[in-house]
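For the protein sequence lines, the chains are A and B, in the order given.
Residues 720 to 829, numbered by the numbering used here, are exactly what the first sequence covers, in order.
Residues 5 to 116, numbered by the numbering used here, are exactly what the second sequence covers, in order.
Following: one structure in structure tokens, then a few remarks.
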Amino acid sequence: NAGVTQTPKFRVLKTGQSMTLLCAQDMNHEYMYWYRQDPGMGLRLIHYSVGEGTTAKGEVPDGYNVSRLKKQNFLLGLESAAPSQTSVYFCASSDTGELFFGEGSRLTVL
Amino acid sequence: KQEVTQIPAALSVPEGENLVLNCSFTDSAIYNLQWFRQDPGKGLTSLLLIQSSQREQTSGRLNASLDKSSGRSTLYIAASQPGDSATYLCAVPTSGTYKYIFGTGTRLKVLA
């Protein structure tokens, strides 16, 4: 009964380092999303995917890359982390229109 | 481009009061709208999903309505309790896509 699982939950990076956030869903959903949440800004869509092998840009895609090689997984990569990417990242999936969210990944870039 | 606004940004009410949270959107060609609750430091919990063919959806003390023509949805909370204290967010898809845009939320505090 896992739903949407995000790893890692917490991470601290230095400026310029790279990392990958993993989102896994076990509901066989077609659509997957990566959002970031910052104080006073609400949730903003970074990238999303409408099916295996597809990705598309959201509202704030710069500095991030994504891949959806398997239907159940959606990876978010930071090639060269910047302090402006300090945020809480949420993954979501959907099929019939209802969004299901993971618990979030808190990333700090020093 | 879909834009979503939630008013008020913050609300403080005494326990037992009925209250209404508002969500406005600019592109009315949507097929659904979803309301979420978020507790501090936590993820998002889905409360209600309203399909475009529906005008209302109810779950316990919560009732959400959708008026596509006016670009508005309201979340009604009956007999509020301190446990209802949280941030409430609405999410709306951009026209013709499954790309969901969120409002900035209403931070609710229910006083005992």
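Even glycine gets a Cβ: it sits at the ideal position worked out from N, Cα and C.
Chain A has no Cβ within less than 8 Å of the Cβ of residue 72 of chain B. A direct Cα-to-Cα measurement between residue 103 of chain B and residue 725 of chain A gives close to 20 Å. Interface flag for residue 95 of chain B against chain A is set, since a Cβ pair is found closer than 8 Å.
DSSP links residue 60 of chain B through a beta bridge to B:69. Annotation: the continuous beta strand (DSSP E) that includes residue 725 of chain A extends over 723-726.
Of A:802, A:744 and A:824, the smallest CA-CA separation from residue 736 of chain A is found for A:802. In the three-state reduction of the DSSP assignment, residue 86 of chain B falls in the helix class.
Taking a Cβ-Cβ threshold of 8 Å, the residues of chain B close to residue 821 of chain A are 47, in chain order.
Across the region 10-31 of chain B, no CB contact with chain A closer than 8 Å is found for any residue. In the three-state DSSP reduction, residue 802 of chain A falls in the helix class (H, G or I).
Beta-bridge annotation (DSSP): residue 796 of chain A is paired with A:739 and A:784. When the five nearest sequence neighbours on each side are left out, the beta carbons in the same chain lying within less than 6 Å of the beta carbon of residue 61 of chain B are those of 52, 54 and 68, in order along the chain. For a Cβ distance threshold of 7 Å, residue set 817 and 818 of chain A lies close to residue 38 of chain B, ordered along the chain. Annotation: residue 784 of chain A to residue 49 of chain B spans about 27 Å, alpha carbon to alpha carbon. When Cβ-Cβ separations below 8 Å define contact, residue 760 of chain A makes contact with chain B. For residue 109 of chain B, the closest of A:742, A:818, A:759 and A:829 by C-alpha to C-alpha distance is A:759.
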